[in-house]
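Residue numbers (my numbering): 49 to 293.
In structure tokens:
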């Protein structure tokens with residue numbers, strides 16, 4: 049297929065992503081994404097989510113996200129995880145069903161881009177320490193939502209009940225974001241109050257210490273170590289339950 053304008057290319061890619069099963073899709077420019085809040089703070093707080101950033105050893109700091117040299121655009125796709133389908137996020141020993149849907153969509157979209165437009169793409173893994181990118185920041189850059197005080201992307205369509213994957217392209221495409229949307233304005237923060245391990249009860253990150261105003265949980269009131277400990281424990285419990293069944 050012949051080359052299209054950046055706007056037409058973006059529209060076509062989004063349409064294809066949704067046809068493959070994405071609930072939402074958008075495009076972000078890679079250069080601004082490299083300077084997004086999470087990508088800037090990552091070298092300062094360390095790559096180990098089980099260690100508080102003040103206690104992180106020197107070798108765990110100063111790690112930059114690894115970007116493919118030819119990446120200029122990021123396609124971000126989201127698959128909704130509705131409250132009435134909790135099984136999409138259940139760990140079954142092979143990840144989760146929702147994540148497998150995302151992996152399939154990204155794989156098929158990558159193949160379609162190569163066949164249709166001769167576009168080279170890379171599929172970053174989910175985890176940053178495995179050469180992934182910060183997908184929540186990418187979703188914001190693609191205009192799919194905004195980071196909320198619960199440290200999740202809040203979308204206009206699905207709230208926070210959505211999971212993300214990305215695809216990095218070697219071809220420019222017109223960015224679809226960010227958008228003017230503030231889901232936390234005037235909100236009484238029930239999401240923070242509902243956290244079972246109280247990960248939002250104290251301020252962990254300070255702008256004066258880290259040199260940036262945009263912080264985890266918007267204002268630094270988010271404890272990633274406490275949160276990650278709870279999530280890891282849940283995965284371990286699910287694995288033990290499966291082994292015993």
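Cβ atoms here follow ideal geometry from the backbone N, Cα and C, with glycine treated the same way.
In terms of alpha-carbon separation, which member of the options lies closest to residue i?
{"i": "residue 211", "options": "203, 274 and 218", "result": "203"}
{"i": "residue 67", "options": "76, 153 and 120", "result": "153"}
{"i": "residue 275", "options": "293, 75 and 246", "result": "246"}
{"i": "residue 249", "options": "255, 235 and 265", "result": "265"}
{"i": "residue 198", "options": "61, 239, 122 and 99", "result": "239"}
{"i": "residue 58", "options": "193, 288, 165 and 149", "result": "165"}
{"i": "residue 252", "options": "263, 244, 242 and 259", "result": "263"}
{"i": "residue 209", "options": "195, 221, 218 and 219", "result": "195"}
{"i": "residue 270", "options": "254, 281, 285 and 280", "result": "254"}
{"i": "residue 290", "options": "143, 242 and 79", "result": "143"}
{"i": "residue 148", "options": "160, 174 and 167", "result": "174"}
{"i": "residue 172", "options": "193, 150 and 258", "result": "150"}
{"i": "residue 86", "options": "228, 187 and 243", "result": "187"}
{"i": "residue 82", "options": "70, 54, 113 and 257", "result": "113"}
{"i": "residue 281", "options": "225, 244 and 267", "result": "244"}
Hey, would you say residue i sits closer than 8 Å to residue j, going by beta carbons?
{"i": "residue 64", "j": "residue 183", "result": "no"}
{"i": "residue 124", "j": "residue 214", "result": "yes"}
{"i": "residue 223", "j": "residue 189", "result": "yes"}
{"i": "residue 216", "j": "residue 116", "result": "yes"}
{"i": "residue 146", "j": "residue 137", "result": "yes"}
{"i": "residue 78", "j": "residue 128", "result": "no"}
{"i": "residue 93", "j": "residue 74", "result": "no"}
{"i": "residue 261", "j": "residue 185", "result": "no"}
{"i": "residue 219", "j": "residue 167", "result": "yes"}
{"i": "residue 177", "j": "residue 95", "result": "yes"}
{"i": "residue 258", "j": "residue 89", "result": "yes"}
{"i": "residue 268", "j": "residue 225", "result": "no"}
{"i": "residue 111", "j": "residue 130", "result": "no"}
Taking only the alpha-carbon atoms, compute the straight-line gap between residue i and residue j and give it to the nearest angstrom.
{"i": "residue 134", "j": "residue 206", "result": "14 Å"}
{"i": "residue 180", "j": "residue 162", "result": "21 Å"}
{"i": "residue 126", "j": "residue 155", "result": "14 Å"}
{"i": "residue 227", "j": "residue 55", "result": "17 Å"}
{"i": "residue 122", "j": "residue 103", "result": "33 Å"}
{"i": "residue 231", "j": "residue 60", "result": "29 Å"}
{"i": "residue 293", "j": "residue 285", "result": "12 Å"}
{"i": "residue 287", "j": "residue 101", "result": "29 Å"}
{"i": "residue 241", "j": "residue 193", "result": "22 Å"}
{"i": "residue 236", "j": "residue 80", "result": "31 Å"}
{"i": "residue 234", "j": "residue 159", "result": "44 Å"}
{"i": "residue 132", "j": "residue 256", "result": "42 Å"}
{"i": "residue 72", "j": "residue 99", "result": "34 Å"}
**Message:** My parser needs the alpha helix (DSSP H) runs of 4 or more residues fully inside the region 53 to 111; what are they?
**Reply:** Listed in chain order, they are 54 to 67, 78 to 82 and 85 to 93.
**Request:** Run through the region 177 to 221 for me and flag every whole alpha helix (DSSP H) of 4 or more residues, listed as ranges in chain order.
**Result:** If we require 4 residues or more, the alpha helix (DSSP H) runs fully inside the region 177 to 221 come out as 183 to 189.
**Prompt:** Enumerated in chain order, which unbroken segments of the alpha helix (DSSP H) with a length of 4 residues or greater are wholly contained in the region 237 to 290?
**Reply:** 238 to 242 and 255 to 258
**Request:** Ignoring anything shorter than 3 residues or poking outside the region 110 to 176, list the beta strand (DSSP E) runs there in chain order.
**Result:** 121 to 128
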